[in-house]
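First up is the structure itself, then whatever we jot down about it.
Residue numbers (our numbering), protein chains in the order written: chain A, 10 to 348; chain B, 10 to 348.
Here it is, written out as structure tokens:
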């Protein structure tokens, strides 16, 4: 072990509305040796997630804001290259999942690092996707928060995204009678059909309300919301009695810069006895064992397919992130680090 | 029994926005004798309820629209004056609760009539209020839909109204740590203090958001919504983690005539893990036995006080209804019929 230098992405400025590449800075730093109970990790995949946009604002939220001129820590998978004194649970060569991302090398306390062991045919980046936070988010949101039951009619927005594509497929596997998805391009809508969605539409093709009505003529029981705005209003319109929505994200308003009025049709919630429920996956770690087992089985059996949009090189992470906010990804977006 | 004539209120026109007295018509009709399994009832109290506004529009909803040029049936309490063939469960002189209101005399099938027997000190009109639909609505909405637990901080809108005043008092009796109410006049706010609310404000005195912040500086866990609009947005703003709102009514938008944009702060629902849930009391008849027993006990012990705004004479029902929509009532509004 010599001394390493590594590159990392800093937050250079807080975005005003849509982020630009100037809000980020690539910095080269010296990487310290791991101290007691720490490991040095060479990251292989960095996670690019919508929730990071929220942490770029200086507002109180469920996670602290990113600091200016400091690394944008996010999810990552890497390989242990050195272990400090007292480390017994991990050895060099081990693959680990952690939240010290958006840098090439990370020094992390062992207790904040989870060793992972991909099943046959599953790559390490799956722990940032189908087997990771997006997978558990889809699983908990659909089954626990929205309480999807066999026979339900389900609508998923941003359905070609990491969470949405899993939510739709899980719905089918768990017995939904019909699953409809919205996405942002004709190519993505075509992909939804391949993933087993019963219908899909490009939300650019007209008012979401009209498109959803055509795709779900008998209404919906469950809405998995990644988008908010017009999508949420349309879902409330189409909901049947006792409909439930899991509010997972509202990517349509994250970069608006000004408050966006909510749905004008909330009064329908009374007569139709609707429930809207927001959730964060970090409350639901108790569901991980069941999720891990079920999802690993689905992946092994080829019953769930998981798309990735892979961008090479840490220097491209800011542009990739901005692209994801604009919907340029299909499935999970990750940064692949080589060398 | 001779032949009766009786007066009733018809819907003369569907209101466009706020109803006017011209939308109603007082009609004198011949009252038929009760047929088999029917009773003839002389009504004593007619119920004046906000939900009736919705039935005046010709839209599909949980209850069918009122028909034009036909009686506005609503809740009523009256006295049986004659029974048809085969009626064994009821006798002349019995006090009954039913939904054949807004007329002086009603002929009703026995199976749609419920005999009531007011405890000492409780008048017949209580079955249109504390012991009736508004009482059960407050009870179910607060305890089942919003899931209020001891120690919760509770906010109730339209808190001087029939449902709101009961919701606030039930919250205190069931262990809420703080109960805040909004109302539409200084006199009503003063009444909230007498009913045991910890704080109250007149929503005319400034932005609801500011008033609620001052009245609930530590936030709220539960919101009982009778109003919608700005009140709902303010509640979402002030909600603590895992806050729950029972959506009971949205009187602020019923007469708007045009769609009113919803709260712009719905994205807060995700980070704070909030739940908004609409409900109708008609789904919750299974709760009636427990409610009846508990409410009767509270009334007998003087632990719940229930205000009534009593208007005399069926001819004044339309004006009373319009006044109630504008907040002229304190507590439950009823029409008292004499003669």
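C-beta: ideal position from N, C-alpha, C; glycine also. Please read these numbers as outputs of a predicted model, since none were measured by experiment.
Interface residues of chain B facing residue 269 of chain A [CB-CB closer than 8 Å]: 273
- prompt: Does the region 207–218 of chain A touch the region 142–155 of chain A, meaning 3 or more C-beta pairs lie closer than 8 Å?
  reply: no
- prompt: Span of the beta strand (DSSP E) holding residue 332 of chain A?
  reply: Premise fails: residue 332 of chain A lies in the alpha helix (DSSP H), 326–334, not in any beta strand (DSSP E).
- prompt: Where does residue 298 of chain B sit, in a helix, a strand or coil, going by DSSP?
  reply: helix
query: Could you give the C-beta distance for residue 55 of chain B and residue 83 of chain B, rounded to a whole number, given that I count them as a contact under 8 Å?
result: 6 Å
query: Mind checking whether residue 123 of chain B and residue 106 of chain B have CB atoms under 8 Å apart?
result: yes
message: So if I threshold CB-CB distances at 9 Å, which residues from the region 275–292 of chain A count as touching chain B?
response: 275, 276, 277, 278, 279, 280, 281, 282, 283, 284, 285, 286, 287, 288, 289, 292
query: Checking contacts by CB at 8 Å: is residue 142 of chain B closer than that to chain A?
result: no
query: How long is the line joining the alpha carbons of residue 247 of chain A and residue 41 of chain A, rounded to whole angstroms?
result: 56 Å
field: Where the alpha helix (DSSP H) through residue 171 of chain A begins and ends
entry: 171–182
task: For residue 52 of chain A, write down the residues that DSSP places opposite it in a beta bridge.
output: A:87
- prompt: Per DSSP, what kind of secondary structure is residue 134 of chain B in: helix, strand or coil?
  reply: helix
message: Once DSSP output is grouped into helix, strand and coil, what is the label at residue 29 of chain A?
response: coil
field: Coarse secondary structure for residue 191 of chain A, derived from DSSP in three states
entry: strand
query: Alpha carbon to alpha carbon, how far is residue 33 of chain A from residue 292 of chain A?
result: 30 Å
query: What residue does the alpha helix (DSSP H) around residue 118 of chain B start on, and which one ends it?
result: Residue 118 of chain B -> not in any alpha helix (DSSP H); beta strand (DSSP E) instead, spanning 114–118.
Where residue 281 of chain A sits in the DSSP three-state scheme: coil
- request: Taking the CB atoms as reference points, tell me whether residue 191 of chain A and residue 174 of chain A lie closer together than 8 Å.
  value: no
query: Counting pairs of beta carbons, one from the region 70–77 of chain A and one from the region 332–348 of chain A, are three or more of them closer than 8 Å?
result: no
message: According to DSSP, is residue 232 of chain B part of a helix, a strand, or is it coil?
response: strand
message: Can you tell me where the beta strand (DSSP E) holding residue 144 of chain A begins and where it ends?
response: From DSSP, residue 144 of chain A is part of no beta strand (DSSP E) but of the alpha helix (DSSP H) over 142–149.
- prompt: How is residue 79 of chain A classed by DSSP in three states: helix, strand or coil?
  reply: coil
query: Which term fits residue 26 of chain B, buried or exposed, when burial requires 16 or more other beta carbons within 10 angstroms of its beta carbon?
result: exposed
query: If we cut at 8 Å on Cβ distances, does residue 258 of chain B have a partner in chain A?
result: yes
query: Which one of A:31, A:209, A:338, A:19 has the shortest CA to CA distance from residue 81 of chain A?
result: A:19
message: Please identify, using Cβ separations under 7 Å, the residues of the region 62–84 of chain A that lie next to chain B, in order along the chain.
response: 70, 71
message: I need the DSSP call for residue 314 of chain B, collapsed to helix, strand or coil.
response: coil
- prompt: Does the beta carbon of residue 237 of chain B sit closer than 8 Å to a beta carbon anywhere in chain A?
  reply: yes
query: For the region 123–134 of chain A, which residues have a CB atom closer than 8 Å to at least one CB atom of chain B, in sequence order?
result: none
message: Determine whether the beta carbon atoms of residue 178 of chain B and residue 119 of chain B lie at a separation below 8 Å.
response: no
- prompt: Taking residue 197 of chain B as the reference, which of B:297, B:210, B:66, B:185 has the closest Cα?
  reply: B:210
task: For residue 188 of chain A, decide whether its Cβ has a neighbour in chain B, counting only Cβ atoms nearer than 8 Å.
output: no
- prompt: Is residue 96 of chain A near the ligand NAD, with its Cβ less than 7 Å from a heavy atom?
  reply: The ligand NAD is not part of this structure, which contains no ligands at all.
message: Determine whether the beta carbon atoms of residue 59 of chain B and residue 334 of chain B lie at a separation below 8 Å.
response: yes
- prompt: In whole angstroms, what is the alpha-carbon distance linking residue 148 of chain B and residue 140 of chain B?
  reply: 11 Å
query: Given residue 296 of chain A, which residues of its chain have a CB within under 6 Å of its CB, disregarding the five upstream and five downstream residues?
result: 149
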